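Single-structure report; data block below.
In structure tokens form, the structure reads like this:
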């Protein structure tokens, strides 16, 4: 395995053993088929045990995998075409958030999402997917454009959080996110939001208000990252695993608490193992929901969306 987390070591060890046995077989011309089959069966069993029993922290690690599909990957895999739109018409074009008109199986949509970048140079260019205020204002401009032309909106969430720099605060980071929460609540077109990687704090929520909110299987969604939570509570990152469990940030936790509408399955081992299959799962989920949401009355759509989020956090005694 090219990239191995600590919890994946048993899998990597077995893969190494299989390769060595195959090399011995090729070199000595001795039939090692039985040994290879036994190791391959053990490998598959180990994969099931490891990937089906991941902790919250392990899922956080998985969501950050360097090869994990990002917004542009999903656009390439599920959209028939895509026209990127730029700028917030006020400050600049924030590269951390991308968006534009596209079509999915012939259905026109506005796609908006975070883009982290795949290598060091691109990550710097994209500011590691951490948007400035102009990024959220660009996203809102595109959403209002979609509403004007009566096109549904799909947002793909993957960020460590909104950019926390001084210049971002000076340009109104909090106001920009708050404005998006308000405006997205009353958009008169269907909105589907999907967490495809990291869903951290207001940076994620700034494009996360929708009629349907989903998380991919190995993603997380929380008000704070485990590392930051650990540093606040214990003055150290050493307790990040404990913080991840306490935050209840996994897709299963979020669904159990009624904060998302469903979980989109990933291939065994994560979305990076088979991006095409993951994209098909995402595409099918979007099309199924749009078939229902596009039939709804606009006022009813808004009322249901507001009611959905208003109920979150309410306890009936």
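In my numbering, the protein residues as written are 9 to 325. Virtual Cβ for every residue (Gly too), placed ideally from N, Cα, C. As the structure is a computational prediction, the values presented were derived from the model and not from experiment.
- Excluding sequence positions up to five before and after residue 293, its CB lies within less than 7 angstroms of the CB of 222 and 272, all in the same chain and listed in chain order.
- When the alpha-carbon of residue 145 is set against those of 68, 310, 98 and 156, the nearest one is in 98.
- Nearest Cα to residue 26 within the set 14, 315, 12 and 50: 50.
- Secondary structure note for residue 131: its alpha helix (DSSP H) is the uninterrupted segment 128–133.
- Counting only residues of its own chain and dropping the five nearest sequence neighbours on each side, residue 309 has no CB closer than 6 angstroms to any other CB.
- Residue 96 counts as buried, since no fewer than 16 other beta carbons sit within 10 angstroms of its beta carbon.
- Excluding sequence positions up to five before and after residue 282, its CB lies within less than 7 angstroms of the CB of 275, all in the same chain and listed in chain order.
- Remark: C-beta atoms of residue 136 and residue 124 approach each other more closely than 8 angstroms.
- Here residue 280 is not near residue 122, since their CB atoms are 8 angstroms or more apart.
- Taking C-beta atoms as the reference points, residue 107 and residue 253 fail to come closer than 8 angstroms.
- Counting C-beta pairs closer than 8 angstroms gives three or more between the segment 187–199 and the segment 296–304, which meets the contact rule.
- Taking 4 residues as the shortest admissible run, the segment 235–291 contains the following complete alpha helix (DSSP H) segments, listed from N- to C-terminal end: 248–255 and 259–264.
- The bridge partners DSSP lists for residue 197 come to none.
- In its chain, beyond the 5 residues on either side, no residue has a beta carbon closer than 6 angstroms to the beta carbon of residue 288.
- Buried is the label assigned to residue 69, since at least 16 other Cβ atoms lie within 10 Å of its Cβ.
- Along the segment 13–56, the alpha helix (DSSP H) occurs as fully enclosed runs of 4 or more residues at 17–36, listed in sequence order.
- In the pairwise beta carbon analysis, the segment 204–223 is classified as not touching the segment 28–44: fewer than three pairs are separated by under 8 angstroms.
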